[in-house]
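Visitor: The structure's right below; bear with me while I get my questions together.
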Amino acid sequence: MLTFADPLRRALQTAADRPAVIDGERRFTYAEFNQRCERLAGALYGLGLKAGDRVAILSANNHVYLETYVGVPASGLVVVPLNTRHAEPELRYALEDSSTAVLITDRDPGGLESAVGRVIRIGTQYEQLLTTATPRALGQGINEETLAGLFYTGGTTGKSKGVMLTHRNLIANTYHWLTSAPQDAEDVALVMAPLFHAAGSNGVLASIWTAGVQVTLGAFDPRAALELVQRHCVTLTLGVPTMLSAMAEEQIANPRKVDTVRVIAHGGSPIATEVVRRTVMAFPTAEMVHVYGATELSPLTTVLRHEERWLDSERARSCGQSIVGSDIRILGPNGKEVRRREVGEAVVRGPHVMRGYWNKPEQTASVLVDGAYWTGDLGYMDEEGFVYLVDRSKDMIVSGGENVYCTEVEEVLYKHPAVLEAAAFGVPDEKWGEAVYAVVVPRTEHYNVDPVDIIGFCKEYIAGYKVPKGIDIRHEPLPKSGPGKILKRELRAPFWEGKDRSVN
């Protein structure tokens, strides 16, 4: 098995003078990109870092992100991509939990500076560091089992978990993707999905391995995205459904030349049938490819190609068949495979399954059994191997492609002085798939507490997408089981009435 250094080595062998990255007015060939990665590696080791040390990046998509994502793991260090939508307490936790040595960022680090050994600001400081550094050859002292990245995802205990992905994990899943949606050196990829997600990062390696071009888009804007598609003759991209919907509406209203686009991949949350129709209308030359997975799977495990998607049939609700190289089965509580169309838990095996959660052996053991990852997603498989998700065993919401663990939200709700009882759960949302909603019982002395006040309080502690979009104030105890556990299914049921599944 290969490491992060090998896709770049192949690109240098076959396309050293071809463009690798376009970031606004800045362009780099593969030879230049490799030199910058080697200088970044040399600079970090020159600061006293040792193999295995963690380097975090908090930034919008740009060429520095690509250099960090490739150059850090390829030099034996561990990259820690941070979610730019997270609030400062969440970011601080990830930095401290991972014992990050260096933070590379495009913004004022504020209070985060005290959580790391050193901060490098993207811009003049970063460029000066590269200019004065002694290049360090990539690939030294690493192998397929070397840890490549820590990707922080939500946690059932209220704290996020660092998903440990090795070179083997990420290289294998990149190869899995390339077998499902082949690319070559003529492809131009628009990098618009946030690179702090494993799916966005997966595409980086795919483009480098095939010596294609990557065009970066910073903060998402549908007009800017379409202008880049037209200007650079983009052939493929990846986004969440909300991105595709915004681009489709903008393209239909103000048409550009987009007939070079041949693949639009989407994932993170289910996509509405109407969004598919509108996207196909806006990009008639493109094939839409739906992917499903989890950060713990590096991240892909199933794929559904557009020609398989009959929009008015059952198949429209499927998340596809297992991607080549991944094994997905539907198992019962006894660990045995259930009959076709019988609901069980999706369990995945393959070289892309994570090593585990950073410093969390008990949580690792709860989801990894004999090397297989129990996803917590409940569903069934039809006679042709297409997988359909119907619910989650995990107390989790997926909103706009972001995972939100209900315990994270509830932990903040309980910090509010007015809250006696709280339950957070997902409700259907046309735009985001699911939205966070909460039911709160106030303390007697705060009988008239305002939901707006509680929502504002939550914004101080957690990312905006985790903040409840609505709060129902109730003055009777929440329904509970015999042992006293809040029965969220009863609270959720009215919102999902008439739906054919309990997740969206």
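So for the sequence shown, my numbering puts the first residue at -16; every next one is plus one.
A virtual CB, placed ideally from N, CA and C, is assigned to each residue, including glycine.
All values derive from a computational prediction rather than experimental measurement.
How far does the alpha helix (DSSP H) with Q108 in it extend, from its first residue to its last?
Guide: Stepping through the sequence shown from its first residue, residue 108 is reached at position 125. That run of the alpha helix (DSSP H) goes T107 to T115.
Visitor: With DSSP collapsed to three states, give me the class of R19.
Guide: One-based indexing of the sequence shown puts residue 19 at position 36. R19 falls in the helix class under three-state DSSP.
Visitor: Quick check on DSSP: helix, strand or coil for M(-16)?
Guide: Numbered from its first residue, the sequence shown carries residue -16 at position 1. M(-16) falls in the coil class under three-state DSSP.
Visitor: H180 and P64: beta carbons closer than 9 Å?
Guide: The residue you call residue 180 lines up with position 197 of the sequence shown. The residue you call residue 64 lines up with position 81 of the sequence shown. Going by C-beta atoms, H180 is nearer than 9 Å to P64.
Visitor: What alpha helix (DSSP H) runs, 4 residues minimum, are completely inside the region 252 to 283?
Guide: The qualifying runs are 256 to 265.
Visitor: Mark G35 as exposed unless 16 or more other C-beta atoms lie within 10 angstroms of its C-beta, in which case mark it buried.
Guide: In the sequence shown, counting from the first residue as 1, residue 35 sits at position 52. Exposed, by the Cβ-count rule.
Visitor: Determine whether the beta carbon atoms of A421 and I454 lie at a separation below 9 Å.
Guide: Residue mapping note: residue 421 aligns to position 438 of the sequence shown, counting from 1. Residue mapping note: residue 454 aligns to position 471 of the sequence shown, counting from 1. Yes, the pair counts as a contact, with Cβ atoms nearer than the cut-off.
Visitor: Quick one, which of T115, G132, A168 and V395 has its alpha-carbon nearest N185's?
Guide: Counting from 1 along the sequence shown, the entry for residue 185 is found at position 202. Looking at the Cα atoms, G132 is the closest of the given residues.
Visitor: Can you tell me the Cα-Cα spacing of P282 and L221, whole angstroms?
Guide: For the purposes of this step, residue 282 is taken as residue 299 along the sequence shown, with counting starting at 1. For the purposes of this step, residue 221 is taken as residue 238 along the sequence shown, with counting starting at 1. Spanning the two alpha carbons is a distance of roughly 13 Å.
Visitor: Could you give the first and the last residue of the continuous beta strand (DSSP E) run that contains V47?
Guide: If you number the sequence shown from 1, residue 47 lands on position 64. It is not in any beta strand (DSSP E) - V47 instead sits in the alpha helix (DSSP H) that spans H46 to A57.
Visitor: Return the chain-ordered list of same chain residues with a C-beta closer than 7 Å to the C-beta of R288, the five sequence neighbours on each side being excluded.
Guide: Indexing the sequence shown from 1 puts residue 288 at position 305. Taken in chain order, the residues that qualify are E270 and V272.
Visitor: Mapping DSSP to helix, strand and coil, what is H458?
Guide: Position 475 of the sequence shown holds residue 458. In this structure, H458 counts as coil in the three-state DSSP scheme.
Visitor: Helix, strand or coil, according to DSSP, for W415 in the structure here?
Guide: In the sequence shown, counting from the first residue as 1, residue 415 sits at position 432. It is coil, neither helix nor strand.
Visitor: Taking E210 as the reference, give the member of V223, M175, R75 and P224 with the closest Cα.
Guide: Position 227 of the sequence shown, counted from the first residue, corresponds to residue 210. Ranking V223, M175, R75 and P224 by Cα distance to E210 puts M175 first.
Visitor: Which one of D310, T12 and E50 has the shortest CA to CA distance from R355?
Guide: Taking the first residue of the sequence shown as 1, we reach residue 355 at position 372. In the sequence on display, residue 355 carries Ala and not Arg. It is D310.
Visitor: Quick one: any contact between the region 153 to 162 and the region 70 to 89, if contact means 3 or more CB pairs under 8 Å?
Guide: Judged by Cβ distances under 8 Å, the region 153 to 162 makes no contact with the region 70 to 89, as fewer than three pairs qualify.
Visitor: At what residues does the alpha helix (DSSP H) containing F440 begin and finish?
Guide: The count along the sequence shown starts at 1 and reaches residue 440 at position 457. Its alpha helix (DSSP H) spans residues P434 to K442.
Visitor: How would you label Q111, buried or exposed, when you count the other beta carbons within 10 angstroms and need 16 or more for buried?
Guide: Working through the sequence shown from its first residue, we reach residue 111 at position 128. When all chains shown are included, Q111 counts as exposed.
Visitor: Along the chain, where does the beta strand (DSSP E) containing A307 start, and where does it finish?
Guide: Here residue 307 corresponds to residue number 324 of the sequence shown, with the count starting at 1. One detail in the question is off: residue 307 reads as Val in this sequence, not Ala. That residue, V307, is in no beta strand (DSSP E); it is neither H nor E in DSSP.
Visitor: With DSSP as the reference, please indicate the residues paired to T136 in a beta bridge.
Guide: For the purposes of this step, residue 136 is taken as residue 153 along the sequence shown, with counting starting at 1. Per DSSP, K144.
Visitor: Could you give the distance in angstroms between the alpha-carbon of A521 and the alpha-carbon of V423?
Guide: The question about residue 521 has no answer, for the chain in this structure spans -16 to 487.
Visitor: Identify which residue in W415, A407 and H399 has its Cα closest to the Cα of P425.
Guide: Within the sequence shown, residue 425 is the residue found at index 442, counting from 1. Considering only alpha carbons, the answer is H399.
Visitor: What does the alpha-carbon distance come out to for the pair A168 and V196?
Guide: Walking along the sequence shown from the start, residue 168 turns up at place 185. Walking along the sequence shown from the start, residue 196 turns up at place 213. Taking the straight line joining both Cα atoms gives about 7 Å.
Visitor: Given L403, which residues of its chain have a CB within under 7 Å of its CB, disregarding the five upstream and five downstream residues?
Guide: Taking the sequence shown and counting its residues from 1, one reaches residue 403 at position 420. If we look at L403 and ignore the five residues flanking it on each side, its Cβ neighbours are V424, P425 and R426.
Visitor: Comparing C-alpha positions only, which one of A98, E127 and V217 sits nearest to T268?
Guide: As a working mapping, residue 268 is identified with position 285 in the sequence shown. Comparing Cα-Cα distances from T268 to each of A98, E127 and V217, the minimum goes to V217.
Visitor: Please give the ranges of any beta strand (DSSP E) in the region 151 to 208, keeping only runs that are unbroken, at least 3 residues long and fully inside the region.
Guide: Taking only runs of at least 3 residues, the beta strand (DSSP E) segments lying wholly in the region 151 to 208 are 171 to 174 and 196 to 199.
Visitor: Comparing C-alpha positions only, which one of L474, E233, P205 and D6 sits nearest to H46?
Guide: Along the sequence shown, one-based indexing puts residue 46 at 63. Per the Cα distances, D6.
Visitor: What does DSSP give as the partner residues of A236 in its beta bridges?
Guide: Position 253 of the sequence shown, counted from the first residue, corresponds to residue 236. Answer is none; A236 lacks a bridge partner.
Visitor: Where does S382 sit, in a helix, a strand or coil, going by DSSP?
Guide: Residue numbering aside, residue 382 sits at position 399 when the sequence shown is read from its first letter. Correct three-state label for S382: strand.
Visitor: Short of 8 Å in beta carbon distance, which residues of its chain neighbour V263, apart from the five on each side in sequence? Order them along the chain.
Guide: By one-based count along the sequence shown, residue 263 stands at place 280. Within the same chain, V263 has close Cβ partners A269, M271 and H289.
Visitor: In whole angstroms, what separates the C-alpha of F478 from that of R472?
Guide: By one-based count along the sequence shown, residue 478 stands at place 495. By one-based count along the sequence shown, residue 472 stands at place 489. Cα to Cα, the separation comes out at about 10 Å.
Visitor: Would the beta-carbon of V258 fall within 9 Å of that of L219?
Guide: By 1-based counting over the sequence shown, the position of residue 258 is 275. By 1-based counting over the sequence shown, the position of residue 219 is 236. No; because the gap between Cβ atoms is not below 9 Å, this pair is not in contact.
Visitor: Ignore the nearest five residues each way along the sequence and tell me which others in R22's own chain have a CB closer than 6 Å to its CB.
Guide: Counting from 1 along the sequence shown, the entry for residue 22 is found at position 39. Once the five neighbours on either side are set aside, the close Cβ partners of R22 are L113, A116 and P118.
Visitor: In whole angstroms, give me the CA-to-CA distance for T139 and Q(-4).
Guide: Here residue 139 corresponds to residue number 156 of the sequence shown, with the count starting at 1. Here residue -4 corresponds to residue number 13 of the sequence shown, with the count starting at 1. At T139 the pLDDT is 49, less than 50, meaning the model places this residue with poor confidence; the figure from the coordinates comes in the next sentence. Using only the alpha carbons, I get a separation of about 45 Å.
Visitor: Please confirm whether C302 and P253 have their CB atoms less than 9 Å apart.
Guide: The residue you call residue 302 lines up with position 319 of the sequence shown. The residue you call residue 253 lines up with position 270 of the sequence shown. Their beta carbons are under 9 Å apart, which means C302 touches P253 by this criterion.
Visitor: Thinking just about the alpha-carbon of each residue, which of S58, P177, L188 and P462 is nearest to the one in Q166?
Guide: As a first step, residue 166 is located in the sequence shown; it is residue number 183 there, counting from the start. It is L188 whose Cα lies nearest to the Cα of Q166.
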